[in-house]
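If you read the protein sequences in the order shown, they are chains F and G. Letter by letter, the first sequence follows residues 192 to 301 in the numbering used here. Letter by letter, the second sequence follows residues 10 to 127 in the numbering used here. Everything on this sheet refers to the single structure shown next.
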Amino acid sequence: RKEVEQDPGPFNVPEGATVAFNCTYSNSASQSFFWYRQDCRKEPKLLMSVYSSGNEDGRFTAQLNRASQYISLLIRDSKLSDSATYLCVVKPGGSYIPTFGRGTSLIVHP
Amino acid sequence: EAGVAQSPRYKIIEKRQSVAFWCNPISGHATLYWYQQILGQGPKLLIQFQNNGVVDDSQLPKDRFSAERLKGVDSTLKIQPAKLEDSAVYLCASSLTLLAVTSTDTQYFGPGTRLTVL
Chain F
192 RKEVEQDPGP
202 FNVPEGATVA
212 FNCTYSNSAS
222 QSFFWYRQDC
232 RKEPKLLMSV
242 YSSGNEDGRF
252 TAQLNRASQY
262 ISLLIRDSKL
272 SDSATYLCVV
282 KPGGSYIPTF
292 GRGTSLIVHP
Chain G
10 EAGVAQSPRY
20 KIIEKRQSVA
30 FWCNPISGHA
40 TLYWYQQILG
50 QGPKLLIQFQ
60 NNGVVDDSQL
70 PKDRFSAERL
80 KGVDSTLKIQ
90 PAKLEDSAVY
100 LCASSLTLLA
110 VTSTDTQYFG
120 PGTRLTVL
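Dropping the structure here:
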C-alpha cells in the first residue's frame with residue numbers, strides 16, 4: 192500500500208458545483224497534513240494546512256479523520272480558476288520528511 | 010521577496026550523458042529540498058538539506074545522482090550517467106526551518122527544470 196493515496200481523477204464539474212477529494216495515508220503516526228495546488232506545468236503551491244479540528248479558508252474546507260486515516264478537501268462554488276491538480280502532503284510525527292500523493296485533477300467547466 | 014530560483018528551465022540530453030541543475034533558495038531559508046516529478050505523479054523527495062547537512066537522502070539513486078549544498082545556500086543536483094527513466098521535472102523547494110508546518114514556514118517551490126533524456 193502506498194504511503195499517500197489519491198484518486199487521480201479527473202473530476203469534471205460545472206461552475207458553481209461543490210466537489211470533494213479524499214486522500215488516505217498509511218502511517219498512523221502521521222502528524223502534519225497539507226493540501227497543495229499545482230497548475231499545469233507550474234510548481235506546487237501551498238493551498239492550506241489541515242488541522243485536527245478542521246479548517247476553512249473561503250470556499251475551501253479541509254478535514255482530518257484520524258480514525259480512518261484520511262484527509263479531505265471540499266471546494267464550494269467551484270470557479271473556472273480552480274482547475275488544477277490538488278496534491279495531498281503528509282508528514283509523520285517526529286519526521287521532517289514530506290510525502291506527496293500523486294494528486295487529483297480537477298476540471299471546472301462553464 | 011525573490012522566490013526560489015532554478016536553472017536551467019529546460020534540458021535535453023542523450024542517455025549516458027551527464028547533467029547538472031542549480032537551485033538558489035529564498036534568502037534565509039535553512040532547509041532545501043530536491044524533488045523529482047514524473048508526468049502524472051506527485052513530487053518524490055530525492056534529498057533534503059538543513060543548511061549544508063543532509064537530513065534525508067533515502068530515495069536518491071546514489072549510483073547516478075549526487076547533490077551538494079556546500080555553503081548552506083545554493084545547491085546543485087547532478088545525474089551521471091542519465092537514463093531514459095530520469096526524464097522528469099526536477100523541483101527545488103526551500104523552507105525557513107525543518108518543521109515547515111505553518112503558512113509562513115512552509116515549502117516554497119521553484120519553477121523546476123524539465124529534463125528530457127533521449
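Yeah, the Cβ is synthetic: ideal placement off N, Cα and C, and Gly gets one too.
{"Asked": "Chain G contact for Ile288/F (CB, 8 Å cutoff)", "Found": "yes"}
{"Asked": "Inter-residue Cα distance where the pair is Thr125/G and Leu79/G", "Found": "27 Å"}
{"Asked": "Residues from the segment 112 to 125 of chain G in contact with chain F, defined by Cβ distance under 9 Å", "Found": "Ser112, Thr115, Gln116, Tyr117, Phe118, Gly119, Pro120, Gly121, Arg123"}
{"Asked": "Which of helix, strand or coil DSSP assigns to Asp95/G", "Found": "helix"}
{"Asked": "Extent of the continuous beta strand (DSSP E) to which Pro205/F belongs", "Found": "202 to 205"}
{"Asked": "DSSP bridge partner residues for Ser103/G (one or two, in chain order)", "Found": "Leu41/G, Tyr117/G"}
{"Asked": "Buried or exposed (CB count within 10 angstroms, at least 16 for buried), Arg228/F", "Found": "buried"}
{"Asked": "Unbroken beta strand (DSSP E) run spanning Pro235/F, endpoints", "Found": "235 to 241"}
{"Asked": "Euclidean distance between Cα positions of Val13/G and Phe291/F", "Found": "19 Å"}
{"Asked": "Boundaries (first-last residue) of the beta strand (DSSP E) holding Arg123/G", "Found": "122 to 126"}
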